[in-house]
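Quick note: UniProt numbering has the sequence shown finishing at residue 278, numbered continuously throughout.
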Amino acid sequence: MLVGPSVGNLKGPPWVVSDDLWARIEPLLPVRQRRSRNPGRLPLDDRGCLQGILFVLHTGIQWEWLPQELGFGSGMTCWRRLRDWHEAGVWDRLHQVLLTELHRAGKLDWSRAVIDGPPSGASGRPKTGPSPVDRARPGSKHHVITDAHGTPLAITLTGGNRHDVTQLLPLLDAIPRIRGATGRPRHRPRELFADRGYDFDKYRRLLWKRGIKPVIARRGVPHGSGLGTVRWVVESTNAWIHGFRRLRIRWDIRDDIHEAFLKLACCVITYRRVRALC
1 MLVGPSVGNL KGPPWVVSDD LWARIEPLLP VRQRRSRNPG RLPLDDRGCL
51 QGILFVLHTG IQWEWLPQEL GFGSGMTCWR RLRDWHEAGV WDRLHQVLLT
101 ELHRAGKLDW SRAVIDGPPS GASGRPKTGP SPVDRARPGS KHHVITDAHG
151 TPLAITLTGG NRHDVTQLLP LLDAIPRIRG ATGRPRHRPR ELFADRGYDF
201 DKYRRLLWKR GIKPVIARRG VPHGSGLGTV RWVVESTNAW IHGFRRLRIR
251 WDIRDDIHEA FLKLACCVIT YRRVRALC
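1) Residue range of the beta strand (DSSP E) that residue 191 falls in?
2) Which word fits residue 189, buried or exposed, when buried means at least 16 other C-beta atoms lie within 10 angstroms of its C-beta?
3) How far does the beta strand (DSSP E) with residue 215 in it extend, from its first residue to its last?
4) Relative to the alpha-carbon of residue 103, which residue among 88, 207, 184, 63 has its alpha-carbon at the smallest distance?
5) Alpha carbon to alpha carbon, how far is residue 49 from residue 146? Give it in angstroms, no decimals.
6) Looking at the unbroken alpha helix (DSSP H) that takes in residue 170, where does it start and where does it end?
7) What would DSSP say about residue 74, mapped onto helix, strand or coil?
8) Counting C-beta neighbours from all protein chains within 10 Å, is the total for residue 73 16 or more, i.e. buried, or is it exposed?
9) From this set, 110, 81, 165, 170, which residue's C-alpha is nearest residue 156's C-alpha?
10) Could you give the residue range of the beta strand (DSSP E) that holds residue 116?
11) Tell whether a beta-carbon distance below 8 Å holds between residue 279 and residue 149.
12) Taking residue 246 and residue 56 to be in contact with their CB atoms under 8 Å, please state how far apart those CB atoms are, rounded to whole angstroms.
13) Roughly how many angstroms lie between the CA atoms of residue 204 and residue 176, to the nearest whole one?
14) Out of 116, 61, 52, which has the shortest C-alpha to C-alpha gap to residue 251?
15) For residue 194, count neighbouring C-beta atoms within 10 Å of its own C-beta (all shown protein chains included) and say buried if the count is 16 or more, exposed if not.
16) Would you give the residue range spanned by the alpha helix (DSSP H) that residue 237 belongs to?
17) Would a C-beta distance cut-off of 8 Å place residue 201 and residue 219 closer than the cut-off?
18) Give the single residue among 52, 81, 244, 85 whose Cα lies nearest to the Cα of residue 69.
19) Can you tell me the Cα-Cα spacing of residue 17 and residue 263, whole angstroms?
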């Protein structure tokens with residue numbers, strides 16, 4: 001069962017942070033120290049700033065155009081919170097918390113994982129390069145790995161000229177260790193499905209060494225291998241990720257800000273699955 005982008009936001013705009021979601025995020029946020037002398041104004045509410053960040057993520061608006069009447073604070077304040085929270089690993093820990101909830105409810109399918117690396121347009125940014133599939137236009141790639149149902153397990157960012165296969169092992173390494181009610185933590189699928197871009201015997205051998213069966217389409221073989229009946233879930237996940245307007249075209253100069261948006265988007269998608277399935 002796949003859960004579309006609207007699930008979990010049925011009572012208001014998608015940037016409104018529900019009490020249920022805030023209860024998961026608030027304990028993960030770093031404590032900000034106020035100055036003992038001349039502390040100045042009270043800092044803006046974290047929950048409001050998070051809603052401002054989500055507003056930018058969903059609408060694609062520029063930071064300086066964030067409407068003040070929404071009460072989310074200035075765009076620069078929200079930008080700084082996103083930067084600081086990403087640096088503190090908040091989105092990685094939130095993603096692990098949400099995946100753990102799915103795993104303990106039996107809603108993560110570790111029988112297979114699916115991998116893909118679609119390009120994203122960009123201009124003059126770090127981690128960009130001439131895309132070989134888009135007339136050498138500069139761009140980035142969002143490499144994602146999902147479980148058998150399309151739940152994002154990990155995501156990475158590279159330049160558009162980086163080969164997809166270079167992120168195969170980094171993506172597997174980026175999957176967090178998920179604890180269940182009993183037994184050892186899980187972080188490794190039994191099989192990995194991929195398209196022809198990952199057709200290298202070297203990587204097949206490396207996957208076998210990790211105890212993962214590679215199911216990768218062969219180059220030069222006519223289409224109709226049947227892998228599409230399995231790989232379509234990662235295409236749906238990519239569509240959800242790029243449904244966030246801020247991620248369709250990369251406007252952020254800094255890698256860490258764009259990566260923060262990517263990881264936050266994965267958290268939002270995973271949270272919607274938790275709401276729908278747990």
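In this text, a Cβ means the ideal position worked out from N, Cα and C, and glycines have one as well. Since the structure is predicted, the reported quantities are computational estimates derived from the model, not experimental observations.
According to the structure data:
1) Looking at the DSSP string, the run of the beta strand (DSSP E) that includes residue 191 is 191–194.
2) So residue 189 ends up on the buried side.
3) Taken as a continuous stretch (DSSP letters only), the beta strand (DSSP E) holding residue 215 covers 213–216.
4) The option with the nearest alpha carbon to residue 103 is 184.
5) Each residue's alpha carbon lies about 29 Å from the other.
6) For residue 170, the uninterrupted alpha helix (DSSP H) run begins and ends at 168–174, by DSSP.
7) Collapsing the DSSP output to three states places residue 74 in coil.
8) Under this definition residue 73 is a buried residue.
9) Selected option, being the one with the closest Cα: 170.
10) For residue 116, the uninterrupted beta strand (DSSP E) segment begins and ends at 113–116.
11) The requested residue 279 is not part of the displayed model; the chain covers only 1 to 278.
12) About 6 Å separates the beta carbon of residue 246 from that of residue 56, a gap short enough to meet the 8 Å contact definition.
13) One Cα belongs to residue 204, the other to residue 176, and the distance between them is close to 22 Å.
14) Among 116, 61, 52, the Cα nearest to that of residue 251 is on 61.
15) Buried: at least 16 other Cβ atoms inside 10 Å.
16) Note, residue 237: alpha helix (DSSP H), 228–241.
17) In this structure, residue 219 does not lie closer than 8 Å to residue 201 by Cβ.
18) When 52, 81, 244, 85 are compared, the shortest CA-CA separation from residue 69 is found for 52.
19) Roughly 17 Å separates the two Cα atoms.
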